[in-house]
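**Q** Mind looking over this structure? Questions follow.
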Amino acid sequence: MERKAHETAWQECLDIIRDNVNPQSFKTWFEPIKPVKLSNKVLTIQVPSQFFYEWLEEHFVQILQKSLKKVIGANAKLEYSIIVENQNSDNQPFTINLPTGNSSKPVNNELGMPINLETPIKNPFIIPGLKRMNIDSQLNPRYSFDNFVEGECNKLARSAGLAIAQKPGGTAFNPLMIFGGCGLGKTHLAHAIGNLIKQQHKQKVVVFVSAEKFITQFIDSARQGNNNQFVNFYQYLDVLIVDDVQFFAKKERTQEVFFQIFNHLHQNGKQIILTCDRPPKDLKNMDERLLSRFKWGLSADLGTPDFDTRVAILENKMYQDGITLHKDVVEYLAHNIDTNIRELEGALISLLAQGSLTRKHLDLNLAKQIVKNFVKNSTREISIDYIQKLVCDFYNIPVEAVKSKTRKREIVQARQIAMYFTKDLTKASLKNIGIFFGGRDHSTVIHACQTVNDLIETDKKFRQDVEEIEKRIKINTF
Ligand code: ADP
Ligand code: MG
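See below:
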């Protein structure tokens with residue numbers, strides 16, 4: 017069968033293009049193109065979507081031009097024909113023709129993708145270039161680095177996030193995998209990174225999506241027969257943030273498509289940020305290839321915050337909301353709710369709600385009632401951190417001092433008293449107590465306990481101090 021001129025011309029163009037782009041791109045972006053006509057040196061090619069057109073214009077316009085010139089001649093021109101779904105009526109889809117060099121941001125909204133049209137478009141002819149479309153990043157502006165309190169528990173993840181925000185895709189942290197238990201700040205940090213990227217690199221296209229939403233979008237797109245559009249959309253991004261990837265477990269087809277998107281983004285130097293409720297090695301029912309990629313960049317965990325960080329988080333929250341609470345109340349909350357920041361915030365909110373609804377005083381007693389609802393086991397072991405802190409507060413010295421080598425009298429005394437209470441009120445062994453106090457020997461701990469016992473019997477002022485400290489420890493604990 018004789019080939020039409022446009023087919024032959026396009027075939028020749030393809031031969032040139034094939035030698036100049038990688039095979040994956042060729043398959044994705046050039047195989048679906050159909051030549052439509054060739055007249056007056058204008059070659060019209062049909063592409064499956066607006067998005068496709070944008071992509072070609074953005075990434076392949078030069079090779080297209082070059083090949084066209086070679087095949088058709090110096091003044092060759094390209095025109096796109098795009099199939100547009102007609103959303104307003106039962107009419108058949110129709111096509112619009114666009115010249116090259118007229119690209120705008122992508123349009124694609126059939127998948128419920130996060131795309132935000134500034135004004136709904138009635139007339140498809142005004143779509144390209146004239147209206148600016150933005151992909152809605154789905155980021156929550158409330159979550160920023162400013163209100164993500166730094167602590168030992170999040171240092172690595174936080175600073176990796178900051179580095180990424182400076183150079184998305186340009187650090188070794190790709191992907192960044194943030195993992196950690198429930199309520200420890202994974203979602204917050206992931207949004208914070210996205211927000212900072214948007215702020216510093218306005219032109220970058222960032223999308224935040226929960227793994228669950230990603231799965232639903234994928235299933236919907238499969239049902240509607242436009243998986244390609246789904247993949248295209250995600251492959252177009254500069255920064256992809258997927259929250260809670262553990263939900264990909266057992267979803268084999270989603271894993272497959274995510275694998276494809278991941279590879280494409282990674283190969284093109286685009287940034288990927290993932291969160292997960294456990295370390296990658298503990299993920300079950302996940303494709304090995306995908307798992308190994310999760311480990312390519314940096315896996316950084318969010319641990320449980322220590323006492324000081326919990327206090328700082330509460331204070332930060334209070335500051336944002338313009339609330340003041342007595343220090344005892346804050347420390348009580350921070351001491352008693354120690355494994356989940358979401359619960360810590362919840363307790364604070366309950367406290368405020370109770371206070372404002374019943375006009376009760378926001379005091380320690382109210383805090384104790386509230387905490388009961390949050391903490392299952394109310395007879396809890398006191399932590400060594402906490403004892404150290406209370407003792408040091410009492411003597412007005414920094415906590416580090418009792419862990420240091422200092423032999424200053426008042427610090428030695430504080431250290432001995434803190435050791436004494438640790439022995440008395442916790443299950444820690446002598447050896448462990450020594451370790452917690454700056455790596456001392458167990459015999460030092462024994463000596464401290466003896467000294468304190470002796471002084472309680474012989475020194476009235478000392479005894480009063482110890483009683484007062486004991487009261488503070490117990491008030492805040494039981
Ligand atoms: P996860 O996604 O790990 O379950 P979230 O990111 O939803 O946890 O965090 C739970 C709550 O705790 C959120 O309200 C978040 O703002 C808050 N939070 C977590 N970590 C911090 C932090 N370091 N500083 C301030 N708030 C935090
Ligand atoms: Mg979360």
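Last residue of the sequence shown? That's 494 in the numbering used here, and every number before it is there in order. For every residue, glycine included, the Cβ atom is placed at its ideal position computed from N, Cα and C. Source: prediction; values computed, not measured.
(1) In terms of residues, what are the limits of the alpha helix (DSSP H) holding C292?
(2) Hey, how far is the Cα of K50 from the Cα of Y96?
(3) Considering only the alpha carbon of each residue, which of N381, I289, K229, A464 lies closest to I213?
(4) If distances are taken between C-alpha atoms only, which option among N356, D260, N91, I61 comes closest to I98?
(5) Mind checking who T24 pairs with in its DSSP beta bridge?
(6) Does E272 come out as helix, strand or coil in the three-state DSSP assignment?
(7) I need the straight-line Cα distance from Q240 to N170, nearest angstrom please.
(8) Whole angstroms are fine: how far does the CA of G199 sit from the CA of Q245?
(9) So, using beta-carbon positions, are A464 and M435 closer together than 8 Å?
(10) Determine the direct distance from the alpha carbon of D152 to that of V247, and round the result to whole angstroms.
(11) Tell me whether the stretch 292–304 and the stretch 324–334 touch, counting them as touching only if at least three CB pairs, one residue from each stretch, are closer than 8 Å.
(12) May I ask whether a heavy atom of the ligand MG can be found less than 7 Å away from the beta carbon of G422?
(13) Among F453, P64, C29, N36, which one has its Cα closest to the Cα of S83?
(14) Is Y96 helix, strand or coil when you go by DSSP?
(15) Using a Cβ-Cβ cutoff of less than 8 Å, which residues in the same chain neighbour N139 once the five nearest sequence positions on both sides are dropped?
(16) So, with DSSP's three-state summary, where would you put S226?
(17) Closest by CA to T340, which one among S315, L367, I209, V77?
(18) Please go through the same chain and pick out, in chain order, the residues whose beta-carbon is closer than 8 Å to the beta-carbon of F278, but skip the five residues on each side of it.
(19) Cα-Cα, which of E484, I386, K476 is closest to C408?
(20) Within 8 Å, do at least three Cβ pairs link the stretch 207–227 to the stretch 179–196?
(21) Run the CB neighbour count on D354, radius 10 Å, all protein chains shown included, and call it buried at 16 or more, exposed below.
**A** Considering the structure as presented:
(1) In the sequence shown, residue 292 corresponds to position 276, counting from 1. Premise fails: C292 lies in the beta strand (DSSP E), 287–292, not in any alpha helix (DSSP H).
(2) Taking the sequence shown and counting its residues from 1, the one referred to as residue 50 is at position 34. Taking the sequence shown and counting its residues from 1, the one referred to as residue 96 is at position 80. C-alpha separation (whole angstroms): 10 Å.
(3) Here residue 213 refers to the residue found at position 197 of the sequence shown. Ranking the options by Cα distance to I213, first place goes to I289.
(4) The count along the sequence shown starts at 1 and reaches residue 98 at position 82. Of all alpha-carbon atoms in N356, D260, N91, I61, the one lying nearest the alpha-carbon of I98 is that of I61.
(5) For the purposes of this step, residue 24 is taken as the residue at position 8 of the sequence shown. Answer is none; T24 lacks a bridge partner.
(6) Within the sequence shown, the letter at position 256 stands for residue 272. Helix.
(7) In the sequence shown, counting from the first residue as 1, residue 240 sits at position 224. In the sequence shown, counting from the first residue as 1, residue 170 sits at position 154. Computed Cα separation, rounded: 42 Å.
(8) Counting from 1 along the sequence shown, the entry for residue 245 is found at position 229. Counting from 1 along the sequence shown, the entry for residue 199 is found at position 183. If you take the alpha carbons of Q245 and G199, they lie about 34 Å apart.
(9) Within the sequence shown, numbered from 1, the residue matching residue 464 stands at position 448. Within the sequence shown, numbered from 1, the residue matching residue 435 stands at position 419. Yes. Within cutoff.
(10) Sequence index remark: in the sequence shown, residue 247 carries index 231 (1-based). Sequence index remark: in the sequence shown, residue 152 carries index 136 (1-based). One C-alpha to the other measures close to 17 Å.
(11) Contact fails: fewer than three Cβ-Cβ distances are below 8 Å.
(12) Stepping through the sequence shown from its first residue, residue 422 is reached at position 406. Checking the sequence shown, residue 422 turns out to be Thr, not Gly. The nearest non-hydrogen atom of the ligand MG is 7 Å or more from the C-beta of T422.
(13) The residue labelled residue 83 in the question sits at position 67 within the sequence shown. Taking only the C-alpha atoms, the option nearest S83 is C29.
(14) Counted from its first residue, the sequence shown places residue 96 at position 80. DSSP places Y96 in strand when its eight states are reduced to three.
(15) Position 123 of the sequence shown holds residue 139. Low local confidence applies: a pLDDT of 29 at N139 is under 50, so the model's placement there is unreliable, with the coordinate-based value given in what follows. Taking N139 as the centre and dropping the five residues before and after it, the same chain places no C-beta closer than 8 Å to its C-beta.
(16) What you label residue 226 is simply residue 210 of the sequence shown in a count that begins at 1. S226: strand per DSSP, three-state reduction.
(17) The residue labelled residue 340 in the question sits at position 324 within the sequence shown. Residue L367 is the option with its Cα nearest to T340.
(18) Within the sequence shown, residue 278 is the residue found at index 262, counting from 1. Short of 8 Å from the beta carbon of F278, and not among the five residues preceding or following it, lie these beta carbons of its own chain, in chain order: P191, I288, L306, R309.
(19) Start at 1 with the first residue of the sequence shown, and residue 408 comes out as number 392. Out of E484, I386, K476, E484 has the C-alpha closest to the C-alpha of C408.
(20) yes
(21) Mapped onto the sequence shown, residue 354 falls at position 338. Result: buried.
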